[in-house]
Every structure is written in C-alpha cells, then in structure tokens.
Amino acid sequence: MIREVRLRNFVSHSDSRLELKDGVNIFVGRNGAGKSSVIDAITYALFGKHTRGANSNLVRRGSPEGRVEVTFDVGGRRYLAARRVGADGGLIECVLKELTETGPRTLVAGERRQYDESMSQKVASVIGLDYQKMRVATIVQQGELDSIVTEYSPRQMKELINDMIGIGSLDQAYENAREVLEGFRTRLRGECLNYDDRTLGDLEGRLSQDDRDRRRREGELSEISEKLLALEGREASLSQRLRALEEVRKKTFQLQEKKGGLYEHVKQVRKRLLQEVEETEGMVPEALSRLEVAAKKEEMEREWGEIERQEEELNGKMYELSSLLGELKAMDVEELRREVAEVSRKLGKLEREVSRLEEEMKELESMERPGERKELEGRRVRLQEIRARLENEMGEIRGKLRDYRKIEETGVCPTCDSEIEPEDIGLRITRKEEEERRKEEERRAVGEELERVEGLLRELDRYERAQEKLDERRKRKEEAEEEMKELQRKKEKVEAELAAALQKASSLPTIEMEHGKVKEKLEELKAKKKEMEGKRKEVLEAEAWLKENGILGVEDVKVLQAKAEELKDKLEAIPEEPMVATLESLRVDEYSSELVAQVMRLEEETKGFREEEYEEMKVELERRVRPEKEALLREKGEVEGEVRRLVKEMEELVEAKRKIEVAAKYVQLFEKIRSNVYNRDGAVATSLRSWALKEIERRASDYVRLFSMGISSIRLEERKRVVEMACYGGSGKREVGSMSGGEKVAVALALRFAMANLMGKGRTDFIILDEPTTHLDVERRKYLVELISGLNRAQEEGLTSLNQVIVITHDEEVFEGSEVNGLFRFEVTPGGSVVSAG
C-alpha cells in the first residue's frame, strides 16, 4: 500500500507531498493540473520507468534536478524508494531503504546505472511485480475500465491472462528452445565434420567411399615401392664407381696445379737471376763515379766553413745597422712636437683653473659665522615653547571672554545652565580684554624673535655649505697644482727627446748606405752557399750509396764484376720455356726439385683416366636415376599422405558417427520437452492457465458479491485458443450483452481487482484508476461511484484484501457525497502544481 508520495521539481510540481489513506483516495483537478504525474512519480521511484519519454522530461523546467520519494508498506514492513534525476536526464542517485523501529536500513544505494538496475530488481522482489506487470495489474489507464468486459474478445481475454501469468513469454522460450536446438546442431556440426543427426546417412556414405579409396591407394603404394628398390640399387652402384673416379679426377687437377706451380717457379727464379745480373753489371760504373765524388769531401768542407764564418760576421753587422735604422725611423719628430704643444695647452688650462679656485676661496673665506648651531637651536626651542604657552593662555582668556559675554547677554551660566546675577561682569570683560592685548603683544614679540633666530639658522646652513665648498676648492687646487708639476716634468722630457731625435735624424742617410752594402755581400754569400750545398749533397749521397752497397774502394768494384760473370753462368743453365723442357732440366733449386718429384708421382697415379667416361656416368646418375627416384619418392609421399588422410578421416567419421548417434537421442528428448513444456498450449502452460483462471474466478466472484449487483459468481473457461467468461446470478446465467451499465462496471472492477491480487501474489493491495469515468455515460459513472464506496466499506470491515484504491479524475461532482478516505485537490499556479488535502 502506498503511504506517501513526495515530488520535488518533478514534471509540473515544485514541491508536493501526498499522505495517502487506507481505502479510497480521490485525486481531483482539471486536466493538466499534475494528477497523472503522481503515477509517473510512483513508477519512476520504484522502477526508474515512466510514460513521458526521455528522463529529461521529468525535471521541472528551469530546475537543475528533480526528486521523487515513495513510502509504501508490504507484508507489515515499510519501505522508502527515492530517485534523483538531472536536467540532462542522467540518474544522480537512487536508494531503497527499509524503515524499521531502530532506524532506516539501506537495501540498495548508488549513482551509476548498475545501481539503478539493482534497485529495480530489489523493488520487484519486494512487491512481487516488475514494472510491466504492475502497469497491467494495479494501474487502469484512461478509458480501459470496462473494456475488459465490453471490448475484449475471448481470444484477447486468453492473451491477457497469458501475459499476466507469464505464459506469453513461453512463446519466446519455445522459439529460444528452437534456437538452442539449432545452436546445438551447429556445435555438433562443428565437432562432427559438418554433419548432424539429419545428415547421418551422408556421413555413412562418405565413410564407405573413403574405405574404397584407401584400399586402391595402398595397391598403388606397393607398386611404387618395388620400382624404388630397383632404382636405389642402380644408384648405389653408380655412386660407388663415381666416387673412385672422383678421387683420380681430383689427382689430375692436382697434377695440373703442380705443373703450373713448377713452371711459374722456374720462370720466377730465371727472372730474379736476370734482374740480379743486370743490377750487378749496372753497379760497376755507378760505384766508380761515386768513389770519385766522395774523394772531394775534405776540400769542400774547408770551403764551406769559410763561407759560414763570413756569413756570421756580416749577419752581426747587419743586425746592428738594422736596429739603428729601426730606432731612427721610429722617431717621429712631428709627433714629438705635437705632444709638446698638447702638454703646454694642458698646463695653461690648469693655471687658469688654479687662478679661478683662488678667487672663489677668497670669497668663501670672507664669510663670517653667524653663531653656534647648538645655542641657536636651543633658543629656537625655548621661543617655540613660550609662543605655544602664550597661545594656550590666549585661548583660555578668549574662552572666559565668551562666557562673560554670554552671561552678560542671557544671565545663564554656560557651564551648568543655572541663572546667576551678572555682578561686575563689564569690569571683568574689560580686564580680560586688556590681558588678551598684553598676551598678544608678548606673542608677537616672541614671534619676531623666533623669525630672527630661524634666519640666523638659515645663514648658519649657508655658512656651513660654504665651508664644505671651500674644502672642496682647496682639495681641487692641490690636485691641479700636482697635475701641473707632472705636466711640467713631462714637457721637459718630451722636449729633450725632440732635441735628440733632431740630432740623430742627420746621420740616417750614411747608415742606410752602409746597410745596403752589407745586404749585397750577404746575398752573394747565400748564392755561393746554395751552390756549395748542391755539391755537398752529392758527396753525402755518394758516401751513403757506397756504404749501403759495402764498397770502400776500387777492390770492391772488382769483386762486383766477378759476381756478375758467375750469375750469367747460372742464368744460361735455366730453360727460357719451362713447358717444353724436360722435368729433369727444371730442377733449378731445392723447391723445384721437390715439385718435379710430386709431378712425376701424380702422372703415374692418373694414368688411364678418361674424363668422357666420368661425365657419362655422372649424367646417368644425376639426370636419369636420381630424378626418377625423386619423382617416385614424391609420388610415394603423396600416396602415403593420401592413405594417412583417408585413415584419419575414417577415424574422424567413425567418431563423428558415434557422437551423432548419441546426440540424436538427446535431440529427440529435447524436442519432446519443447513441445510439452514451452508450447503455450502444452501441458505445463495449460495447467498454469487453469490454476490462474480458478484464482481469478474465485477472487472476482468475491468482489462482485461485495458490490451487491445481483451477480453471485463469475466463471472463466478455456476452450482451445480462447477464454470465455460467464456471469451467474439468482436467475441463472447472465449474458454480458443483457447487463446494465452498472453491472458491466461491477464485473469489470471485480475482474481488475482479482487480476491485481493474482499478479501481486497477495503482496500488492492497491489499485490506481486513471480517469475511470472517461467514455462512461451518466448511469455508469453513478454505478462506479457506488461500487467504489461499497469497496471502501468492505475494506473497513475486512472483507477484501484490497486495502487502497486511488482514483484520478477531473469529475469532482461525480464523487460528491460519496464515502472516501482521502481527497486531494490539484491546482495549476504560476509556481507549478499545488496539492491540497480536504
């Protein structure tokens, strides 16, 4: 049962609170006043669902967020469900609490979508209904009150009951079972070579064909093995003979290599001997020429020493003359003259500055000191104190004068406002005025003296600044006089340098002439020395060559001539063309003798070898026997692979057949379960529907008897694809078409209440009728009000499990004078919807 609904910035409500009562609660107000918003508030708080489209439509325009709270009772326990939604439609918060005597206990709370779903599931488990079932069971929309009686066909009635008890979802389960079966077959095909229970015959046919192919391939494999055996024998024989010929063939290559090495070595030996003969014969005339050059060394060394002595003497004289010329040329007479003039100019400027400073110093020294600062400042302070005292006394005198004059005018004391007799007041005024004049004269005299003292202090400031300036002038004069002395010394020095430069400048032409003569003599010595250096180099080279070749004299030259003759004899013994000479004639040294022996041995070992025979055998082995063998091996591998594939495939087919035969039994069983359990007209659905129809019959009959409309029972009977309804009263069966408008409304309400009780599993004890009078004529509206009032009385007497009815209507007149427990008026104001109870 709904206890309280709170709406804050929700749809058109700014802040509304509804405390609902047991029994009948009426919401009245014109269209658009916010009555139906309460239904959306209840469903949104409980399940996060509503009929207004996007969640952003729930938030009152201009508000940052909306909030709803619903307090409800289920099974003797009280709960609070609340949700907050932002202006953008996003969930801000949701919470479900159980309100106990010891305080609230949070069941679900959070901010994200997962908490939203968790809360909806928790609410459904508490009240026994989810959102869709609640809308069917407890909320009757506009114009649908008596449609269940007047408009529903027997087939539609059956579909409604199927939806109520969940049988409608069996269709989906029936379809899902088919998909499960197809999925199972898909997985079965994935595991069984794309076969299932419906293609088992195809599998068996493929298994027989594979067996025939395997036997045929095994026969081919036997023939290939026999051919391979014969080829392998021929290959082994040829390979053995080729290996033997290969060894001999390698030795023929070695023979050619050794012969080539022998011929090349003999050629190199002959070439070296020829070169040595030529070099030895060429050294004889060279040695004689070098000996002749080396004999002139001693005379050349004496001449070289004399040249170096003369060069050293001339270089010393050249240095002295160059230094003297450098000094003379460095002396710039005009520069010295300019420097003398500049120093004289600076001296004149300083003399004028000293004269000016002396005049300023005389003027500053003539100033007299006006007094001592300490004495003058002390006197100024005393005079300032006297002037301040006089000004205070004059202030007191003037205050007294004002008081006396006021007393003279009013006769009232200005201090205490009491009346006094002005005795001798005029005389007092005259005395005070005289005293004021004296004080003023004293103050003026003190002021004049103070001005004179301050003038002396200002003169003292000027005097002290003049003394500081005098010190600066004295210091600057001393500096200027020191600069003048320095400049005078510099002037005397530069004038002396100028006189010396003028004297030296007269001897410059003579020194330049002597410098030129010394330079010419040095050039002549350098040319002679350069010529001597070439001859000296020839002597040194001759000595080095003779030393390198071990020649000390003419005897050594004769030894060279004898060696050349000996080398010519050896050269004549070596053949010029080794390839056409006999092997014995090629023994020119130890190494060539060893090569000759190796060549003779290899010629003996390779006797009888034919390259043509070797090539023929190699071609037969590599181009016929081995390619044929490789082709047979490939063919054998292919056939063996095909046999293995067939064997493996047969094993897989046998295993697949076994799995499919087992799976077929389960498929048959699953098909049977699907037909009997998930079919909406199967045994399970029919039994469940039969139970539901009996429950609705019983509850609806109880309610319709409470309405006292002459109908005692309602019967619901299933026939094939329809559910037919029949009503019975004291006179027997009543046809719906022959019932009055009130009786139809009573039957419709009884069925609605019974269905709500069934779907709520006894835990949902309220129903909401949204605009139940819509499309009802006046008579039916009247009966509806009477039925609801009767239901209210039955609830109070405990005759029904339905504890709360909420009626939303704009027809306030219809319910005037009726028995209701709560009346709530909805009004539209500029601030939003306003709800008042009463």
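Numbering (the numbering used here), first residue to last: 194 to 1031.
Where is the CB? At the ideal position from N, CA and C, for every residue including glycine.
Proximity to residue i [Cα-Cα], best of the options
| i | options | result |
| --- | --- | --- |
| residue 222 | 1017, 863, 234, 623 | 1017 |
| residue 281 | 259, 290, 274, 351 | 259 |
| residue 633 | 584, 652, 658, 653 | 584 |
| residue 825 | 424, 225, 253 | 424 |
| residue 214 | 588, 534, 752, 266 | 266 |
| residue 246 | 233, 302, 297 | 233 |
| residue 831 | 734, 1021, 414, 680 | 414 |
| residue 353 | 1028, 939, 909, 1026 | 909 |
| residue 743 | 763, 791, 541, 484 | 484 |
| residue 542 | 562, 670, 725 | 670 |
| residue 905 | 914, 895, 913, 911 | 895 |
| residue 621 | 596, 637, 645 | 596 |
| residue 618 | 433, 603, 630 | 603 |
| residue 718 | 863, 508, 977, 346 | 508 |
| residue 766 | 506, 981, 377, 467 | 467 |
| residue 446 | 777, 802, 738, 421 | 802 |
| residue 284 | 261, 685, 882, 724 | 261 |
| residue 761 | 474, 783, 732 | 474 |
| residue 907 | 897, 318, 913, 914 | 897 |
| residue 570 | 204, 450, 647 | 647 |
Run of the beta strand (DSSP E) containing residue i, from where it starts to where it stops
| i | result |
| --- | --- |
| residue 292 | 284 to 293 |
| residue 1030 | 1025 to 1030 |
| residue 905 | 904 to 912 |
| residue 960 | 959 to 963 |
| residue 927 | 925 to 927 |
Opening and closing residue of the alpha helix (DSSP H) in which residue i lies
| i | result |
| --- | --- |
| residue 343 | 340 to 343 |
| residue 250 | Neither: residue 250 is in no alpha helix (DSSP H) and is coded neither H nor E. |
| residue 839 | 819 to 866 |
| residue 225 | From DSSP, residue 225 is part of no alpha helix (DSSP H); its letter is neither H nor E. |
| residue 588 | 566 to 603 |
| residue 887 | 876 to 899 |
| residue 230 | 230 to 240 |
| residue 809 | 804 to 813 |
Cβ neighbour criterion (16 or more within 10 Å) applied to residue i
| i | result |
| --- | --- |
| residue 745 | exposed |
| residue 823 | exposed |
| residue 936 | buried |
| residue 172 | Residue 172 falls outside the range modelled here, since the chain spans only 194 to 1031, and no answer is possible. |
| residue 772 | exposed |
| residue 1022 | exposed |
| residue 227 | buried |
| residue 890 | buried |
| residue 555 | exposed |
| residue 199 | buried |
| residue 296 | exposed |
| residue 378 | buried |
Paired residues, beta bridge with residue i - DSSP
| i | result |
| --- | --- |
| residue 218 | 999, 1015 |
| residue 200 | 209, 261 |
| residue 712 | Looking at the DSSP assignment, residue 712 forms no beta bridge with any residue, so it has no partner. |
| residue 303 | 287 |
| residue 797 | DSSP, once it has assigned bridges, lists no residue as partnering residue 797. |
| residue 348 | Answer is none; residue 348 lacks a bridge partner. |
| residue 1022 | 1025 |
| residue 296 | 293 |
| residue 266 | 271 |
| residue 332 | 961 |
Where residue i falls: helix, strand or coil (DSSP)
| i | result |
| --- | --- |
| residue 778 | helix |
| residue 194 | coil |
| residue 617 | coil |
| residue 395 | helix |
| residue 272 | strand |
| residue 967 | coil |
| residue 918 | strand |
| residue 763 | helix |
| residue 410 | helix |
| residue 279 | strand |
| residue 484 | helix |
| residue 1004 | coil |
Beta carbon proximity, residue i to chain D, threshold 8 Å
| i | result |
| --- | --- |
| residue 644 | No chain D appears in this structure, which consists of one protein chain only. |
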